[in-house]
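Numbering (the working numbering), first residue to last: 7 to 376. Structure record follows, encoded as structure tokens.
Listed below in structure tokens is the structure:
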């Protein structure tokens with residue numbers, strides 16, 4: 007492109023000259039044709055550029071969001087449609103960036119995928135080019151940075167007029183926006199729709215600490231008919247499920263639904279009746295079939311949870327883990343769920359949790375971010 011721009015002044019002068027001799031006129035015609043080719047080439051190069059972080063959009067809907075791309079140890083790569091993607095949601099905090107490097111490094115070292123699985127690092131557009139380059143340089147696999155607009159809320163929800171929620175983290179509704187992203191916005195994002203048939207979620211503060219068996223299809227699902235690979239089943243805090251079970255039962259009744267996984271569904275009802283709590287999938291790790299979660303009946307339920315009154319995700323802090331459990335209880339057959347998808351070598355967070363073992367993620371090597 008620099009070479010093309012260097013020729014621009016000469017092209018301008020050529021077009022401005024008026025020569026009378028036939029030889030001079032012939033030369034001028036050739037130069038004009040050459041310049042036309044240069045300008046067309048420059049235009050086509052500009053049309054194919056992809057910014058590393060795309061401009062933010064004032065978008066209050068669930069529609070796709072503009073993305074930026076980085077890949078293959080450098081900036082400016084693009085992804086072809088692939089079967090499985092690793093997905094993360096990342097802030098620009100130094101500790102989160104450190105953890106993400108550790109997570110991706112452990113994935114590279116212990117997953118037998120020949121570095122073919124791309125990593126989509128969803129972010130709010132505040133991970134700058136230098137930070138993106140550091141993340142991209144740690145792996146030979148493709149790494150992309152799709153943009154998520156966390157300043158956009160459901161059209162009928164006004165965050166300014168809402169009181170501060172009982173639970174907040176980093177910002178007034180920051181945690182709730184994260185939950186909304188994993189419940190609905192992930193599935194409608196163009197980065198997922200264009201690149202992924204299946205997604206494996208990893209939180210930034212998670213890792214694998216030993217090799218996964220070569221016969222394990224991780225990061226994909228084990229069977230083609232499965233729609234979900236689950237982590238452990240946990241219990242959601244009773245403070246954060248107020249109204250969710252009643253709303254789900256009402257939705258089932260009004261839409262004449264028969265829950266397809268009666269065991270999971272009745273377990274939820276019994277747990278709520280006895281303890282005022284609801285089961286959830288510990289979904290800092292999960293494998294999900296994109297087409298299932300984009301299915302109309304599934305999306306209608308998920309959208310009702312995040313986009314409509316009573317806005318329990320924002321006001322009651324309904325979490326994505328418990329909503330994921332209820333979604334699968336309603337719409338997935340037992341055979342479509344792998345309840346033992348998480349490998350024993352997976353660890354998450356400061357609790358050093360890994361299938362009940364006191365084993366967690368090691369620290370970053372000194373100089374990793376230098």
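Each residue gets a CB set at the ideal place from its N, CA and C atoms; glycine is no exception. Quantities reported herein were computed from a predicted structural model and do not represent experimental measurements.
Beyond the five residues adjoining it in sequence on each side, residue 214 comes within less than 8 Å, by CB distance, of 112, 113, 115, 116, 117, 349, 351, 352 and 353 in the same chain, given in chain order.
The residue from 275, 123 and 242 with its alpha-carbon nearest to that of residue 256 is 275. Rounded to whole angstroms, the separation of the alpha carbons of residue 93 and residue 284 is 26 Å. Inter-residue distance for residue 170 and residue 163 is about 14 Å (C-alpha atoms, whole angstroms). Residue 333 counts as buried, since at least 16 other C-beta atoms from the protein chains shown sit within 10 angstroms of its C-beta.
The three-state secondary structure of residue 241, taken from DSSP, is strand. Nearest neighbour of residue 269 by Cα position, chosen from 312, 345 and 102, turns out to be 345. DSSP places residue 109 in the helix class (H, G or I) of the three-state scheme.
The three-state secondary structure of residue 299, taken from DSSP, is helix.
For the options 100, 179, 294 and 218, the alpha carbon positioned closest to that of residue 342 is the one of 294. Where residue 122 is concerned, there is no enclosing alpha helix (DSSP H), because DSSP gives it neither an H nor an E.
DSSP places residue 205 inside the beta strand (DSSP E), whose first and last residues are 202 to 208. When C-alpha distances from residue 229 are compared across 216, 122, 347 and 315, the shortest belongs to 347.
Counting along the chain, residue 272 sits inside the alpha helix (DSSP H) bounded by residues 268 to 281. Of the residues assessed, residue 254 falls on the buried side of the cut-off, its CB having 16 or more other CB atoms within 10 angstroms.
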